[in-house]
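> Before we start, here is the structure in question, set down as structure tokens.
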Amino acid sequence: YYIDGQKTADYTFGMDYYFMMGDNRHNSLDSRYWGFVPEDRIVGNPVIVWFSTDKNKSFPSRIRWNRILKVRFK
1 YYIDGQKTAD YTFGMDYYFM MGDNRHNSLD SRYWGFVPED RIVGNPVIVW FSTDKNKSFP
61 SRIRWNRILK VRFK
């Protein structure tokens, strides 16, 4: 991927923005196509937490087992 014309493998973006990934990774029009989404543009609530990690820990303790596949309703 390229950011501002520079090839990159990773990018850390500011708070209150989200990267949206489609369920068909290779053929989805998602944040890779239309960019990061500001929090105030998100409508709705998550239904399920598919996978969750803690970036401040190392593998395998990084995985938040207590959150994986949890159904969430507001």
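Residue numbers for the sequence shown follow the working numbering, so the first one is 1 and each next one is one higher. All residues carry an ideal CB built from backbone N, CA and C; glycine is no exception.
Going by beta carbon distance, what residues of the same chain come within less than 6 angstroms of Gly22, once the five residues before and after it are set aside?
In the sequence shown, residue 22 corresponds to position 22, counting from 1. Excluding sequence neighbours, Gly22 sits near Ser28 and Asp30.
> Please state if the CB of Tyr1 and the CB of Thr12 are separated by a distance shorter than 9 angstroms.
Taking the first residue of the sequence shown as position 1, residue 12 is located at position 12. Taking the first residue of the sequence shown as position 1, residue 1 is located at position 1. Taking 9 angstroms as the Cβ cut-off, Thr12 and Tyr1 do not qualify as a contacting pair.
> Alpha carbon to alpha carbon, how far is Phe59 from Trp34?
Within the sequence shown, numbered from 1, the residue matching residue 59 stands at position 59. Within the sequence shown, numbered from 1, the residue matching residue 34 stands at position 34. CA-CA distance, Phe59 to Trp34, rounds to 31 angstroms.
> Name the one or two DSSP bridge partners that Ile3 has.
Taking the first residue of the sequence shown as position 1, residue 3 is located at position 3. Ile3 pairs with Gln6.
> Does Tyr17 come out as helix, strand or coil in the three-state DSSP assignment?
The residue given as residue 17 occupies position 17 in the sequence shown. Reduced to three states, the DSSP call for Tyr17 is strand.
> Return the CA-CA distance between Pro38 and Tyr17, expressed in angstroms with no decimal places.
Your numbering for residue 38 matches position 38 in the sequence shown. Your numbering for residue 17 matches position 17 in the sequence shown. Distance between the alpha carbons of Pro38 and Tyr17: 4 angstroms.
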